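Peer 1: Residue numbers (the working numbering): 362 to 661.
Quick one: structure below, then a few questions.
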């Protein structure tokens, strides 16, 4: 009978040492600083903390590492990779998500690839709480043409200590706020030269607006009217395709449709036409006559 009690005691001790582990994130929720997209890729790093150890977990009133003080490997899984619009706009998917802690680097998402990380074991290298981070990237190409507004993502992390017979799990929500402003950009403007043998000139340029919003064009010269060197009157027209409008100095013109691609993908979507009436150069002494035109585009 004494021999039997010794075996039972040994078994009980072994189970107590391997029955459970302990894993916890430092906070149930982490919130990144809000980001306003200004062009290019969006990169966000959000620090976090976690602890994974061999300890007193499930079934204990005070779960923790106990007196064991031994690190245990853990796993990290992630779900919900979309930025959701506060309105009715389509969601925006995270392009790449990576978890890092110490020497560990775990790819959670890369494009359409979402690896199964449930059996990828990471080591904290200490039983104490450690710092890490989650890095989120959204490619610029996935943001161009998107409707302006506020977008929020709640990336859900699940961590689990993997060394115990009864694993211990914890969850944390990572909150990201992304603002897409109603941006507008004009590009491709350059100097234009006319002569008495060619009194008309054309110039193509590009106006980009977020989500292709409409915009208006305003032009002003150095004086209240369009004059070259204050003496030679000229006409300025602007438009798209075969449709052009004559601009009045300092007055907004009609609406035009913006391009959803910055720099119009290397092309153009707008045209300026400058014309000097022949009557303006009749009897004019030789010389160079010039004006500087300021062009303002306003999104509607």
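Built from N, CA and C at the ideal position, the CB exists for glycine as well.
Everything numeric in this text was worked out from a predicted model, so none of it was measured.
(1) Who does residue 462 pair with in a DSSP beta bridge?
(2) Would DSSP call residue 654 helix, strand or coil?
(3) Go to residue 641, then tell me how far its alpha helix (DSSP H) extends in each direction, as first and last residue.
(4) What do you reckon, are the CB atoms on residue 544 and residue 508 nearer than 9 Å?
(5) Spatial neighbours of residue 614 within its chain, please: C-beta separation below 6 Å, excluding the five flanking residues on both sides.
(6) Going by beta carbon distance, what residues of the same chain come within less than 8 Å of residue 540, once the five residues before and after it are set aside?
(7) Going along the chain, which residues of its own chain have a beta-carbon closer than 7 Å to the beta-carbon of residue 388, five neighbours each way excluded?
(8) Does DSSP classify residue 621 as helix, strand or coil?
(9) Determine which residues share a DSSP beta bridge with residue 470 and list them.
(10) Of the residues 568, 384 and 632, which one's Cα is nearest the Cα of residue 599?
(11) Which residue comes first and which comes last in the beta strand (DSSP E) that contains residue 581?
(12) Taking the straight line between their C-alpha atoms, what separation do you get for residue 554 and residue 584?
(13) Suppose the cutoff is 6 Å on Cβ atoms and the five residues either side in sequence are ignored; what does the same chain contact list for residue 421 look like?
(14) Return the CA-CA distance between residue 411 and residue 626, expressed in angstroms with no decimal places.
(15) Using only the alpha-carbon positions, how far apart do residue 461 and residue 479 sit?
(16) Taking only the alpha-carbon atoms, compute the straight-line gap between residue 414 and residue 622 and give it to the nearest angstrom.
(17) Going straight from the alpha carbon of residue 645 to that of residue 593, what length do you get?
(18) Start and end of the beta strand (DSSP E) containing residue 490?
(19) Skipping 5 residues on each side, what residues in its chain have a beta carbon closer than 7 Å to that of residue 452?
(20) Using the three-state DSSP reduction, which class does residue 571 fall into: helix, strand or coil?
(21) In its own chain, which residues sit with a C-beta less than 8 Å from the C-beta of residue 639, not counting the 5 before and 5 after it?
(22) Measure the alpha-carbon distance for residue 517 versus residue 441 and round it to whole angstroms.
(23) If you draw a straight line from the C-alpha of residue 628 to the C-alpha of residue 523, how long is it?
(24) Measure the CB-CB distance between residue 498 and residue 458 and report whether it falls below 9 Å.
(25) I'd like the span of the beta strand (DSSP E) that includes residue 596, first residue to last.
(26) Mark residue 433 as exposed unless 16 or more other C-beta atoms lie within 10 angstroms of its C-beta, in which case mark it buried.
(27) Report the partner residues of residue 634 according to the DSSP bridge assignment.
(28) Would you mind sorting residue 482 into buried or exposed? The rule is 16 or more other CB atoms within 10 Å of its CB.
Peer 2: Inspection of the coordinates gives the following:
(1) Position 101 of the chain shown, counted from the first residue, corresponds to residue 462. Per DSSP, 465.
(2) Numbered from its first residue, the chain shown carries residue 654 at position 293. Residue state, collapsed to three classes: coil.
(3) Numbered from its first residue, the chain shown carries residue 641 at position 280. 639–642 is the extent of the alpha helix (DSSP H) around residue 641.
(4) Along the chain shown, one-based indexing puts residue 544 at 183. Along the chain shown, one-based indexing puts residue 508 at 147. Their beta carbons are not under 9 Å apart, which means residue 544 does not touch residue 508 by this criterion.
(5) Your numbering for residue 614 matches position 253 in the chain shown. So the qualifying residues of the chain are 577, 578, 606 and 608.
(6) Here the question's residue 540 lines up with position 179 in the chain shown. Closer than 8 Å at the Cβ level, and outside the excluded window around residue 540, lie 395, 396, 397, 398, 510, 511 and 512.
(7) Numbered from its first residue, the chain shown carries residue 388 at position 27. Hits under 7 Å: 533.
(8) Taking the first residue of the chain shown as position 1, residue 621 is located at position 260. Coil.
(9) Stepping through the chain shown from its first residue, residue 470 is reached at position 109. For residue 470, which the question treats as bridged, DSSP gives the partners 458.
(10) Position 238 of the chain shown, counted from the start, is the residue given in the question as residue 599. Comparing Cα positions, the closest option is 632.
(11) Within the chain shown, residue 581 is the residue found at index 220, counting from 1. Note, residue 581: beta strand (DSSP E), 575–581.
(12) Translated into positions along the chain shown, residue 554 becomes position 193. Translated into positions along the chain shown, residue 584 becomes position 223. Near 19 Å, if we compare the C-alpha coordinates of residue 584 and residue 554.
(13) Working through the chain shown from its first residue, we reach residue 421 at position 60. Below a pLDDT of 50, predicted positions are generally treated as unreliable, and residue 421, at 49, falls in that range; no measurement from the model is reported.
(14) Taking the chain shown and counting its residues from 1, the one referred to as residue 411 is at position 50. Taking the chain shown and counting its residues from 1, the one referred to as residue 626 is at position 265. Straight-line Cα distance between these residues: approximately 45 Å.
(15) Position 100 of the chain shown, counted from the start, is the residue given in the question as residue 461. Position 118 of the chain shown, counted from the start, is the residue given in the question as residue 479. Whole-angstrom Cα-Cα distance: 16 Å.
(16) For this step, residue 414 is matched to residue 53 along the chain shown. For this step, residue 622 is matched to residue 261 along the chain shown. Cα to Cα, residue 414 sits roughly 51 Å from residue 622.
(17) Working through the chain shown from its first residue, we reach residue 645 at position 284. Working through the chain shown from its first residue, we reach residue 593 at position 232. The alpha-carbon atoms of residue 645 and residue 593 are separated by roughly 9 Å.
(18) Here the question's residue 490 lines up with position 129 in the chain shown. Note, residue 490: premise wrong, no beta strand (DSSP E); not H, not E.
(19) Translated into the one-based positions of the chain shown, residue 452 becomes position 91. The residues are 443, 444, 445 and 446.
(20) Here residue 571 is taken as the residue at index 210 of the chain shown, counted from 1. Three-state result, residue 571: helix.
(21) Counting from 1 along the chain shown, the entry for residue 639 is found at position 278. Answer for residue 639: 560, listed in chain order.
(22) In the chain shown, residue 517 corresponds to position 156, counting from 1. In the chain shown, residue 441 corresponds to position 80, counting from 1. Going by the C-alpha atoms only, they are around 6 Å apart.
(23) Indexing the chain shown from 1 puts residue 628 at position 267. Indexing the chain shown from 1 puts residue 523 at position 162. Taking the straight line joining both Cα atoms gives about 56 Å.
(24) Reading the chain shown from its first residue, position 137 is the one you call residue 498. Reading the chain shown from its first residue, position 97 is the one you call residue 458. Cβ distance < 9 Å, so residue 498 and residue 458 count as in contact.
(25) Counted from its first residue, the chain shown places residue 596 at position 235. Taken as a continuous stretch (DSSP letters only), the beta strand (DSSP E) holding residue 596 covers 596–601.
(26) Walking along the chain shown from the start, residue 433 turns up at place 72. Counting Cβ neighbours within 10 Å, residue 433 comes out buried, since at least 16 surround it.
(27) In the chain shown, residue 634 corresponds to position 273, counting from 1. Looking at the DSSP assignment, residue 634 forms a beta bridge with 563 and 598.
(28) As a working note, residue 482 is residue 121 in the chain shown. Exposed.
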